[in-house]
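Following: one structure in C-alpha cells, then a few remarks.
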Amino acid sequence: MTTRVFVATADAGALSVGAEAVADTIGAEAAARSQDVTIVSTGSRGLYWLEPMVEIEAPDGGRRAYGPLTPKDIPGLFDAGWLAVGTAGQESGLALGPTEEIPFLKQQSRFTFARCGIVDPASLDDYRAHGGLKGLTAAVDMTAEAIVQAVTDSGLRGRGGAGFPTGIKWRTVLQTSADRKYIVANADEGDSGTFADRMLMEGDPFVLIEGMAIAGLAVEATHGYIYLRSEYPHAIARMNHAIGTARAAGVLGTDVLGSGRAFDIDVRVGAGSYVCGEETALLESLEGHRGQVRPKPPLPAHEGLFGRPTVINNVVTLASVPFVLAEGPQAYADVGFGRSRGTIPIQLAGNVRHGGLFEAAFGMTLGTLIDDVGGGTLSGRPVRAVQVGGPLGPYFPRSLFDTPFDYEAFAASDGLIGHGGIVVFDDTVDLAHQARFAMEFCAIESCGKCTPCRIGSTRGVELVDRITANRTTGNRSTDHSDRMSDITLLEDLCETMKYGSLCALGGFAPYPVMSALTHFPEDFGASRERSTAAE
Amino acid sequence: MTRAEPIQQREIDEILLRFRGVEGATLPVLHAIQGAVGFIPESAVPAIAAFLNRTRAEIHGVISFYHDFRYEPAGRHVVKLCRAEACQAMGGERLADIVKRDLALEFDETSGDGAVSLESVYCLGLCACAPAAMVDGRLVGRLDEEGAGALVREVRS
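Chains G and H, in that order, are what the protein sequence lines are. Each position in the first sequence, counted from 1, maps to that position plus 1274 in the working numbering. Each position in the second sequence, counted from 1, maps to that position plus 126 in the working numbering.
Structure, rendered in C-alpha cells:
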C-alpha cells in the first residue's frame, strides 16, 4: 500500500526555505529503499517556522507532522521508519506529532483556510472531496436576491482593509442595471506582513474561483478578473491552472454547474505598483491605464470596470463566501466580536518566533496574538513595537496590547486592521527610521494624482531627516527648539495628508508616522512629556 | 546586447495579434513583449499605441508608471531584495548593505558587464520567512549573511 506524504511545494513560502529539495530527497530515498510513497504537493498549513514541514498520512487518515526538515534529515527518518511508526524522529525533535494537535493549529477556527495545506491545490476532485463546491451548488438553486441576503446576514465585511459590509456592496451592484457587470478580485496584496491571499491562491485556488462564481450569480455578472500582483509568480501559475481545470469541468463557462448561467474568470497580472491595490487605481490599471486613483463617487458598484457596475472585493472576502453559502449565514455570524463577525486570517510576520497564518474569530487581543500565539520575538529580545495593517498601519507599543482584534476597537486606538498583517519588531528598532520609511514608501508609490500625497510624502522624508539629524550630538538649546518646531510641522503635514489625499495611500501614510511620534517620541529626540505638554 | 530590429518588430507584431479583442489589453501586451524581448523597445511604442488605439504619450505614460516595465535590458541575473517592513524587522537592511557592497551596485542599477541587476521589491509575501529575496525567479527565505554571500557568488560566477 502506498503511503501519502504531503509537502508544501505549492507554497512560495515553503519553497523559499527549501521544500522542493526536501520533497526530491524523499522521492529519491523512497525509490532507493523500494518503499511505496506518493508525494502530494500541497499549500502550506501556515506554520512557517516549521517549514519545510512534511506530513505522513497514518492508516486512520490522520497526519503526523515533521519539521522543519532539510534534505539531510530524510535518510535518518526513513531509517527510523517514519512511514509506519508515529514516534520516529522524536529524539531529534523533528517529530511534531499529529498535525491537528499542534497548539498553533489547534487554537484556530479555520473557515476560509479549512482546506489550505490539506488538499492538492491542482485537483478539483480533491477540492470537492473536502467540501468544495457545496456553496456554489447551493447558490445555483437560489435567486440572486437570496444569495445577496445570505451574504448580508452573515455579517461578512471586506477583509481587504476598509471592512465595508460585503452584502451592501453586492446589493448595490445587483440593483444597478447594465448590459454587463463584473466581479473583480483584488489580489494585489502589497502590504508587508500580509500573505493570506498568496497562501490561499497557491494552496486552495478553487475556493476563490467558487467565491467569485457565487458573486457572479448574486449580482448577475458574467465575467470576473483576478488582478494578481507580478510579485507572486507561483500564485499566478496556480490560479491559471485552476481556472483551466474549473472551465473544463463546467464550474466556469457558459453554463455554471448546469445553471444555464454564464460566468468566467481571467487572471490579469499587475506590474509592480503598490497603489494599484487601491480599488479605483486597480480598475484604471485593468482598463490599461496608469494606475491612478479615481475620485469617488461614482462608486465602482455603479460605474466600475469599463464604466460597468463592478463588485470589487479582496481575495479573502470572496473566498469566505463559499463557507457562508455552504454552512449558512448564521454559522458564520455566530463567531466574532461586536460588529466584526466571522473569522479573520491573521498573519504573524517579521521578528516573531512562530510566524505564520492564524485564522481565528475576531476578538483576541493583540498581546495574546503576539506573546502567546506568536511566542514573542525570534531574536529573543523584548517586543518594542508592532505594525498592524501593512505599511500604512500604525506602530503600536506594548501599552496597546490589550486592544482586541476588531475593526471598531482598532479604530478607537487610531489603528487599523487592514488585511490582518502583524509585523513584530524587537527593541533594536528605530521608530524615527520607520517613520521616515513610511513617508519614503509613500513617495515611491504615490500615483501622483493629488498634491498632499505626491508632495507631502517627499516633504515628510525631508522633515524626518531634519528632525533626526544630530539627534544626540547637536547643540542642546537651539537644536532642541528647531527640532520641536519641525515636529510640529511634521504633525501639520500629516494632518494635511490625512484629510486632503484622494485615497488611502496618502491618507493613511500619516498613521505609521504619527503613531511613531506619539508612542516613541524619544526616537525623534523628543521627550515623553512633549505630547502631553503640547495639549 | 540589443537584438536586431527587424526580428524584434516581427515578434512584437505577432504578440499584438494575439491580443486582438482582449479588453484592457495594455498590461498583458506589455508583459508579453517584455517576456519575449526582455524589455520594451522604445521603437515598439508607436505600434503598441496604434494597436491599442491610444497615443504614444499614453503608452509611454503607462510604461514609465509601473516598476516592472523597462526600456533597457536587465542584467543576465536579476537580484531582488525585499525592503519592506517585515524584512526590515529581521535585519533586511543590513543584508541589503552587504549585497550592495559585494556586488558594487546601488539598487536599480545593472553592472557594467551586463551580468547583474539589483532591484528592490516591496514584499514577496514571504513575511513569515523574512528576510526574503528573489534571484532569477527563485525564492530565498530566511536570508542571512552566509546566504547573502552565496547569492552574490552565484550571480557573479
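Note that CB positions come from ideal geometry on N, CA and C, so glycine has one too.
*Indicate whether Glu1769(G) and Val1735(G) have their beta-carbon atoms separated by less than 8 Å.*
What you label residue 1769(G) is simply residue 495 of the first sequence in a count that begins at 1. What you label residue 1735(G) is simply residue 461 of the first sequence in a count that begins at 1. No, these two residues do not count as a Cβ contact at 8 Å.
*When DSSP builds the beta bridges, which residues end up paired with Asn1460(G)?*
Here the question's residue 1460(G) lines up with position 186 in the first sequence. Paired residues: Tyr1501(G), Asn1588(G).
*Taking C-alpha atoms, which residue in Arg209(H), Ala170(H), Leu156(H) lies nearest to Gln135(H)?*
Taking the second sequence and counting its residues from 1, the one referred to as residue 135(H) is at position 9. The candidate whose alpha carbon is nearest that of Gln135(H) is Ala170(H).
_In chain order, each alpha helix (DSSP H) run of at least 4 residues that lies wholly inside the region 1584-1661 of chain G_ = 1589-1601, 1603-1607
*From the DSSP output, in three-state form, read off Asp1700(G) for me.*
Against the first sequence, residue 1700(G) aligns to sequence position 426. Here Asp1700(G) sits in strand by DSSP.
*Exposed or buried, which one is Lys1570(G) when buried takes at least 16 other CB atoms within 10 Å?*
As a working mapping, residue 1570(G) is identified with position 296 in the first sequence. Looking at its Cβ environment, which holds fewer than 16 other Cβ atoms inside 10 Å, Lys1570(G) is exposed.
*Below 7 Å between beta carbons is the criterion; list the residues of the region 1428-1451 of chain G that meet it against any residue of chain H, in chain order.*
none
_Short CB-CB distance (under 8 Å) between Tyr197(H) and chain G_ = The residue labelled residue 197(H) in the question sits at position 71 within the second sequence. No - not a single Cβ of chain G is within 8 Å of the one on Tyr197(H).
_Nearest-angstrom Cα separation, counted from Glu211(H) out to Leu1491(G)_ = To locate residue 1491(G), count along the first sequence from 1; it is residue 217. To locate residue 211(H), count along the second sequence from 1; it is residue 85. Each residue's Cα considered, the two are about 39 Å apart.
*asked:* Closer than 8 Å is the cut-off here; do at least three beta carbon pairs connect the region 1594-1603 of chain G with the region 1755-1765 of chain G?
replied: no
*Does any C-beta atom of chain G lie closer than 8 Å to the C-beta of Pro154(H)?*
Here residue 154(H) corresponds to residue number 28 of the second sequence, with the count starting at 1. It does: the Cβ of Pro154(H) has a partner Cβ on chain G nearer than 8 Å.
*Does the region 1420-1428 of chain G come close enough to the region 1440-1458 of chain G that 3 or more CB-CB pairs lie under 8 Å?*
yes
*Helix or strand or just coil, what does DSSP make of Leu229(H)?*
Start at 1 with the first residue of the second sequence, and residue 229(H) comes out as number 103. Helix at Leu229(H).
*Terminal residues of the continuous beta strand (DSSP E) containing Pro1372(G)?*
Taking the first residue of the first sequence as 1, we reach residue 1372(G) at position 98. 1369-1372 is the span of the beta strand (DSSP E), which, as asked, contains Pro1372(G).
*Distance between Tyr1401(G) and Arg1384(G) (C-alpha atoms, nearest Å)*: Residue numbering aside, residue 1384(G) sits at position 110 when the first sequence is read from its first letter. Residue numbering aside, residue 1401(G) sits at position 127 when the first sequence is read from its first letter. Cα to Cα, the separation comes out at about 16 Å.
*Just grab the DSSP bridge partners of Cys208(H) for me.*
Here the question's residue 208(H) lines up with position 82 in the second sequence. The partner list for Cys208(H) (beta bridge, DSSP) reads Val247(H).
*What are the boundary residues of the beta strand (DSSP E) that Ile1330(G) is part of?*
Counted from its first residue, the first sequence places residue 1330(G) at position 56. Its beta strand (DSSP E) spans residues 1328-1331.
*Are Gln207(H) and Ala230(H) touching if we call contact CB-CB under 8 Å?*
Against the second sequence, residue 207(H) aligns to sequence position 81. Against the second sequence, residue 230(H) aligns to sequence position 104. The displayed chain sequence assigns Leu, not Gln, to residue 207(H). Going by C-beta atoms, Leu207(H) is not nearer than 8 Å to Ala230(H).
*Can you name the residues of chain H whose CB is closer than 8 Å to the CB of Val1697(G)?*
Residue mapping note: residue 1697(G) aligns to position 423 of the first sequence, counting from 1. The answer, in chain order, is Glu211, Ala212, Ala215, Cys253.
*For chain H, find out if any of its Cβ atoms is closer than 8 Å to the Cβ of Val1414(G); answer yes or no.*
Residue numbering aside, residue 1414(G) sits at position 140 when the first sequence is read from its first letter. Chain H, which has no Cβ nearer than 8 Å to the Cβ of Val1414(G), makes this no.
*Buried or exposed: Met1788(G), going by 16 or more other Cβ atoms within 10 Å of its Cβ?*
Numbered from its first residue, the first sequence carries residue 1788(G) at position 514. Result: buried.
*Should Asp1478(G) go down as buried or exposed, given a rule of 16 or more other Cβ atoms within 10 Å for buried?*
Taking the first sequence and counting its residues from 1, one reaches residue 1478(G) at position 204. Result: buried.
*Which chain H residues sit within Cβ distance under 7 Å of Pro1656(G)?*
As a working mapping, residue 1656(G) is identified with position 382 in the first sequence. Chain H residues near Pro1656(G): none, gap ~14 Å exceeds 7 Å.
*Whose C-beta lies closer than 6 Å to the C-beta of Gly1649(G) among residues of the same chain, with five residues either side of it excluded?*
Within the first sequence, numbered from 1, the residue matching residue 1649(G) stands at position 375. Closer than 6 Å at Cβ, skipping near neighbours: Arg1627, His1628.
*Is Ala1293(G) buried or exposed, if buried means 16 or more other CB atoms sit within 10 Å of its CB?*
The count along the first sequence starts at 1 and reaches residue 1293(G) at position 19. The residue in question, Ala1293(G), is buried, as its Cβ has 16 or more Cβ neighbours within 10 Å.
*Own chain, CB closer than 6 Å to Pro1726(G), minus 5 neighbours either side, in chain order*: As a first step, residue 1726(G) must be located in the first sequence, where it is residue number 452. Taken in chain order, the residues that qualify are Thr1770, Met1771, Gly1774, Ser1775, Gly1780.
*Those residues which DSSP pairs with Thr1277(G) across a bridge*: Mapped onto the first sequence, residue 1277(G) falls at position 3. Note: Thr1277(G) sits in a beta bridge opposite Val1311(G).
*asked:* Among Asp1645(G), Ala1743(G), Asp1766(G), Phe1679(G), whose alpha-carbon lies nearest the alpha-carbon of Val1272(G)?
replied: The structure shown has nothing for residue 1272(G), since chain G only spans 1275 to 1809.
*Decide if Met1275(G) is buried, meaning its Cβ has at least 16 other Cβ atoms within 10 Å, or exposed.*
Indexing the first sequence from 1 puts residue 1275(G) at position 1. Exposed, because fewer than 16 other Cβ atoms sit within 10 Å of the Cβ of Met1275(G).
*asked:* Strictly under 8 Å for the Cβ-Cβ distance: is Gln1621(G) near chain H by that measure?
replied: Here residue 1621(G) refers to the residue found at position 347 of the first sequence. Interface residue, yes.
_Between the CA atoms of Glu219(H) and Met260(H) - distance to the nearest angstrom_ = Here residue 260(H) is taken as the residue at index 134 of the second sequence, counted from 1. Here residue 219(H) is taken as the residue at index 93 of the second sequence, counted from 1. Met260(H) and Glu219(H): Cα-Cα distance of roughly 15 Å.
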